[in-house]
Amino acid sequence: MYSGNSKITFILAAAGIGKRMGLGYPKQFLEWKSKPLYIYPLEVAEKSSLVQEIIVVTGEESLNVVKEHCEKYKITKVKAVVKGGSERQYSIENGLKIANDENIIAVQDGVRPFMKERYLIEAMDRLKENKELSGVIIGVPLKDTIKILDKEGNVKETPERKYLFSTHTPQVFKGDILKKAYEKAREDKFLGTDDSSLVERLGEKIGTIIGDYDNIKITTQEDLKFLK
1 MYSGNSKITF
11 ILAAAGIGKR
21 MGLGYPKQFL
31 EWKSKPLYIY
41 PLEVAEKSSL
51 VQEIIVVTGE
61 ESLNVVKEHC
71 EKYKITKVKA
81 VVKGGSERQY
91 SIENGLKIAN
101 DENIIAVQDG
111 VRPFMKERYL
121 IEAMDRLKEN
131 KELSGVIIGV
141 PLKDTIKILD
151 KEGNVKETPE
161 RKYLFSTHTP
171 QVFKGDILKK
181 AYEKAREDKF
191 LGTDDSSLVE
201 RLGEKIGTII
211 GDYDNIKITT
221 QEDLKFLK
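Numbering (full-length UniProt numbering), first residue to last: 1 to 228.
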């Protein structure tokens with residue numbers, strides 16, 4: 001059970017196969033400035049005094065490569081490199097099995113190389129300030145008007161933009177709550193698109209902090225322009 005600890009277990013999701021990128025290998029291993037993309041958020045976690053331990057979740061075929069990279073780039077806080085699952089949710093669940101649930105748990109995408117330590121700092125501050133919160137997510141207000149479509153692809157309605165929020169990672173939660181959310185999702189055979197969606201199903205209160213528009217997820221070829 002979460003004990004009010006101010007230390008973070010940092011789980012990095014690096015198990016995707018990257019079909020949309022079309023590289024022929026997982027996109028988290030794409031090198032930018034002579035380092036794989038996933039090393040950049042790991043370096044932020046390594047240098048942060050808030051992070052106590054790191055768990056990297058990756059594909060079975062990449063386990064040894066990730067261990068070698070962590071040694072090469074001096075990522076010393078790694079508790080384990082864990083085999084991922086067929087979906088992101090199952091991969092994170094594998095990482096949670098060995099995470100310290102007395103800690104705060106931060107979940108980070110391996111292909112968001114522009115993560116900043118301030119996201120962790122501000123998330124922790126929010127959790128300390130508001131004891132009712134079970135988690136804090138990072139994101140940005142939407143700039144575009146969003147349309148909800150019907151099954152035929154026609155416009156159904158336009159939600160108010162001021163209430164819309166594009167979520168990024170890291171997403172930060174009390175450890176026991178996040179584990180409970182994942183257990184509930186498995187019981188219900190629910191597959192969510194992010195960690196917050198699982199915690200929301202428990203009726204827990206989740207806060208937000210404003211991130212940066214450049215904290216993008218490198219997913220397709222057109223995203224590569226952000227690496228130049």
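C-beta atoms are modelled at their ideal positions from N, C-alpha and C, and glycine is treated no differently.
- Judged by beta-carbon spacing, Ile137 lies within the 7 Å limit of Thr208, meaning their Cβ atoms are closer than that value.
- Residue pairing from DSSP places Pro141 in a beta bridge opposite Phe165.
- Secondary structure note for Val107: its beta strand (DSSP E) is the uninterrupted segment Ile104 to Asp109.
- Distance from the CA of Phe29 to the CA of Arg88, rounded to the nearest whole angstrom, comes to 17 Å.
- Annotation for Leu202: no alpha helix (DSSP H) segment contains it, and DSSP assigns it neither H nor E.
- Secondary structure of Gly207 (DSSP, three-state): strand.
- Distance between Lys179 and Glu93, taken at the CA atoms: about 8 Å.
- Measuring C-alpha to C-alpha distances from Ser6 to each of Gly59, Leu120, Met115 and Ser62 identifies Leu120 as the nearest.
- DSSP places Phe173 in the strand class (E or B) of the three-state scheme.
- Where Leu42 is concerned, the enclosing alpha helix (DSSP H) starts and stops at Ile39 to Lys47.
- Distance from the CA atom of Asp176 to the CA atom of Asn154, rounded to whole angstroms, is 42 Å.
- Cα atoms of Lys83 and Val56: separation of roughly 9 Å, rounded to the nearest angstrom.
- Just measuring C-alpha positions, the residue of Lys174, Glu102, Ala99 and Leu227 sitting nearest Asn130 is Lys174.
- Of the residues Leu224, Glu31 and Val81, the one whose Cα lies closest to the Cα of Leu63 is Val81.
- The count of Cβ pairs closer than 8 Å, one atom from the region 8–15 and one from the region 97–109, reaches three, so the stretches are in contact.
- Ala13: not part of any alpha helix (DSSP H); member of the beta strand (DSSP E) spanning Ile8 to Ala14, first to last residue.
- The three-state secondary structure of Ser62, taken from DSSP, is helix.
- Under the 8 Å Cβ criterion, the region 134–148 counts as touching the region 187–206, having at least three qualifying pairs.
- DSSP places Lys128 in the uninterrupted alpha helix (DSSP H) bounded by Glu117 to Glu129.
- Beta-bridge annotation (DSSP): Ile216 is not paired with any residue.
- Here the alpha carbons of Ala99 and Glu183 stand approximately 14 Å from one another.
- Under DSSP, the beta-bridge partners assigned to Glu31 are Pro36.
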